[in-house]
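Trainee:
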Amino acid sequence: MKFSIRYKFGIGLFLIFGLSFNIMCFFMNKIILENNKKVIKEELSVSQKDLNIYVKQYLSLNKIDNSKEAFEENKENIGSALNARINDRVVLYNLNGNMIFDSSYNNGKIYDKDDYEDLKLALKDKSAYKIEKINDRYMAVFSEPIYVDKKLIGVIRYTKDYTELFISGIELLKQMEIFMIVIFSIIFIFSLLLTTKITTPIIKLTKITKEISSGNFDIGINLKSHDEVGELVENFSKMKDKIKNQIETIKKDRDNLRKLERYRKDFFDTVTHEMKTPLTIIDGYTQMILDEGNSDTKLLFKAASKIKKESNKLHNMIIEVLQISKSESNISSEKMEQIDMKKVLNAVCDDMLIKAKKYEINIVKELEEHTYILANKDDVIKIVINIIDNSIKYGNVRSLIKVKLFKENKFCVMTVEDEGKGISKEDLNKIFKPFYRANKEKFLKREGSGLGLFIVRSLVESYKGTINIESIEGKGTKVYIKIPLFLQVGNNLVK
């Protein structure tokens, strides 16, 4: 069975207060009793002196000898006088311990279970007393030796009512008990309220932890407290958010890994399939040469040309696959340098213009000055060549290609826009897949491996950039490439 903190705290307080109350009552009662005894002892001492003086004066005034015999002979008169003086019961004894006078005529027995211990001490020349509760009255029984002129002549035993003294002590103890109960109750209630205030957020936090342990990280923590508990709640909330973010990151990484694994499998399956085609053609023509021999010159020339073409295609495909692997492993990061994009675009456009002229395509440039990025120059050239080459391949004959370069929000932006048949929405969603080709009927006329855009995107993303393609069927295609911009400050490159 589990017990809450509030329950344990309440039980603990109750036990502590109960124990403290009993201990305090015990010591207070002891103090009151000790005080009563002190009062009685002081009165006993004073009373003994007064009685001795009174007896001496009585004997002197009545011309009675101060001997024990005379004391015993005049017991009635002396006893009555002492009874009147004390105003309470008086019992006189001779030195042999025999009762010689009792003002109550009860043979010296003061109460039913009288053990006469005090009398025995008085006969040994010691003053003594004891307190007895008789009929709800607190009575002190005194036993004192009587001296006259330093001569022991007898013993007096008398009683005195101390009920008021003891009742006042009892009343004081009760009042103190009530006071302690009130104080302890206030402290107990305050402690419970304080405990409730402290434990309520903890209880709520416990419920929240159960929700979180079941996977619900979206639960809100609306607990406000300006103390250590509030600090605990705040830190727990931060920890929850951090764990949530970490779990989301782990899930995202897991999904990315799965996606990457599927992608790699699909990629290599596709590469294998694409490589089989030229290999099959090469194998077919090689077998044809072996079967026909070298008698047919035209056949040999055709076969050799086809083998050469497919070999080049296979070679280019392997180079591009290696380039993909290189870009994904960031091998080129060791050759990072400041690139002047205007110079690169000017050079590539001039080179590509030769190929474009074959199809009567013109390249128009609009390039902003002082546009720099930090990258590997060979990678940048590959990116630009691939994009412009695609625009030439899929652009219309006697059309225009517009190349622009400008800065935008700390990015270097390059756009290449052609006037071609465009790309359908269906093809546009697949355009970055390896070996995928839009406008396949046109592709048959102009060579390509289908890896160009895939390589471009890999390279752009390796430099924390983005590539987007917009296309309208029948009008043309526009490619946007954004790579973080770098500026030259002194001898340093600054993003």
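Just remember that this note's numbering sits 13 ahead of the position in the sequence shown, which is counted from 1.
C-beta atoms are modelled at their ideal positions from N, C-alpha and C, and glycine is treated no differently.
Is residue 95 buried or exposed, if buried means 16 or more other CB atoms sit within 10 Å of its CB?
Mentor: By the neighbour-count rule (16 or more Cβ atoms within 10 Å), residue 95 is buried.
Trainee: In angstroms with no decimal places, state the Cα-to-Cα distance between residue 38 and residue 28.
Mentor: Going from the Cα of residue 38 to the Cα of residue 28 covers about 15 Å.
Trainee: Is residue 419 helix, strand or coil by DSSP?
Mentor: Three-state DSSP puts residue 419 in a strand.
Trainee: When burial is assigned at 16 or more other CB atoms within 10 Å of the CB, is residue 105 buried or exposed?
Mentor: It is buried - the Cβ of residue 105 has at least 16 other Cβ atoms within 10 Å.
Trainee: Please state if the CB of residue 159 and the CB of residue 68 are separated by a distance shorter than 8 Å.
Mentor: Against a cut-off of 8 Å, the Cβ pair of residue 159 and residue 68 comes out as a contact.
Trainee: Starting from the Cα of residue 396, find the closest Cα among 219, 330, 471 and 115 and give me that residue.
Mentor: Of 219, 330, 471 and 115, the residue nearest in Cα terms is 471.
Trainee: To the nearest whole angstrom, what separates the beta carbons of residue 409 and residue 432, a pair I think is in contact under 8 Å?
Mentor: So it is a contact: roughly 6 Å between Cβ atoms.
Trainee: When the Cβ atoms of the segment 318-338 are set against those of the segment 289-298, are three or more pairs found closer than 8 Å?
Mentor: Contact between the segment 318-338 and the segment 289-298 is present, because at least three Cβ pairs lie under 8 Å.
Trainee: What whole-angstrom Cβ distance do residue 430 and residue 491 have, given they're in contact under 8 Å?
Mentor: Their Cβ separation, rounded to whole angstroms, is 4 Å, which keeps residue 430 and residue 491 in contact under 8 Å.
Trainee: When we look at the beta-carbon of residue 496 and count the other beta-carbons within 10 Å, is it buried (16 or more) or exposed?
Mentor: With 16 or more other Cβ atoms within 10 Å, it is buried.
Trainee: With which residues is residue 497 paired in a DSSP beta bridge?
Mentor: 424, per the DSSP bridge assignment.
Trainee: Please confirm if the segment 171-186 is in contact with the segment 39-56, defined as three or more CB-CB distances below 8 Å between the two stretches.
Mentor: With a cut-off of 8 Å, the segment 39-56 and the segment 171-186 count as touching, because enough Cβ pairs lie within range.
Trainee: Residues bridged to residue 433 by DSSP?
Mentor: Residue 433 is bridged to 408.
Trainee: Can you give, in chain order, each stretch of the beta strand (DSSP E) that sits fully within the segment 350-381 and has at least 3 residues?
Mentor: Here the runs fully enclosed are 350-353 and 375-380.
Trainee: Where does residue 384 fall in DSSP's three states?
Mentor: Correct three-state label for residue 384: coil.
Trainee: If you count every other CB in all the chains shown that lies within 10 Å of the CB of residue 60, and 16 or more means buried, which is it?
Mentor: The residue in question, residue 60, is buried, as its Cβ has 16 or more Cβ neighbours within 10 Å.
Trainee: For residue 454, which three-state DSSP category applies?
Mentor: Below a pLDDT of 50, predicted positions are generally treated as unreliable, and residue 454, at 47, falls in that range; no measurement from the model is reported.
Trainee: Report the rounded CA-to-CA distance for residue 349 versus residue 417, giving the unit in angstroms.
Mentor: Approximately 24 Å, taken between the alpha carbons.
Trainee: To the nearest angstrom, report how far apart residue 44 and residue 75 are at their CA atoms.
Mentor: Answer to the nearest angstrom: the Cα atoms are 46 Å apart.
Trainee: May I ask which residues mark the beginning and end of the beta strand (DSSP E) holding residue 158?
Mentor: Taken as a continuous stretch (DSSP letters only), the beta strand (DSSP E) holding residue 158 covers 150-161.
Trainee: From what residue to what residue does the beta strand (DSSP E) around residue 144 run?
Mentor: Run containing residue 144: 141-147, per the beta strand (DSSP E) assignment.
Trainee: Using three-state DSSP, classify residue 167 as helix, strand or coil.
Mentor: It is a strand residue.
Trainee: If you drop the 5 nearest sequence neighbours on each side, which residues of the same chain put their C-beta closer than 8 Å to that of residue 248?
Mentor: Closer than 8 Å at the Cβ level, and outside the excluded window around residue 248, lies no residue.
Trainee: Quick one: Cα of residue 274 to Cα of residue 378, how far?
Mentor: Answer to the nearest angstrom: the Cα atoms are 41 Å apart.
Trainee: Could you compute how far the alpha carbon of residue 259 sits from the alpha carbon of residue 226?
Mentor: Each residue's alpha carbon lies about 15 Å from the other.
Trainee: Would the beta-carbon of residue 420 fall within 8 Å of that of residue 381?
Mentor: Cβ atoms of residue 420 and residue 381: closer than 8 Å.
Trainee: Alpha carbon to alpha carbon, how far is residue 468 from residue 278? Give it in angstroms, no decimals.
Mentor: In a straight line, the C-alpha of residue 278 is about 17 Å away from that of residue 468.
Trainee: Under 8 Å between the Cβ atoms of residue 99 and residue 151?
Mentor: Going by C-beta atoms, residue 99 is not nearer than 8 Å to residue 151.
Trainee: Smallest Cα separation from residue 393: which of 360, 411, 373 and 405?
Mentor: Among 360, 411, 373 and 405, the Cα nearest to that of residue 393 is on 360.
Trainee: Give me the Cα-Cα distance between residue 56 and residue 212, rounded to the nearest whole angstrom.
Mentor: Straight-line Cα distance between these residues: approximately 59 Å.
Trainee: Could you name the residues of the same chain whose beta carbon sits closer than 6 Å to that of residue 488, not counting the 5 residues immediately before and after it, in chain order?
Mentor: Hits under 6 Å: 435.
Trainee: Ends of the beta strand (DSSP E) at residue 484?
Mentor: Start and end: 479-485.
Trainee: What's the C-alpha gap between residue 113 and residue 81?
Mentor: Between residue 113 and residue 81, the C-alpha separation is close to 12 Å.
Trainee: Where residue 445 and residue 267 are concerned, what is the direct C-alpha to C-alpha distance, given to the nearest angstrom?
Mentor: Looking at the two C-alpha atoms, the distance is approximately 22 Å.
Trainee: When you compare the CB positions of residue 132 and residue 161, do they come within less than 8 Å of one another, or not?
Mentor: No, these two residues do not count as a Cβ contact at 8 Å.
Trainee: State yes or no: is the C-beta of residue 482 within less than 8 Å of the C-beta of residue 441?
Mentor: Yes, they are a contact pair.
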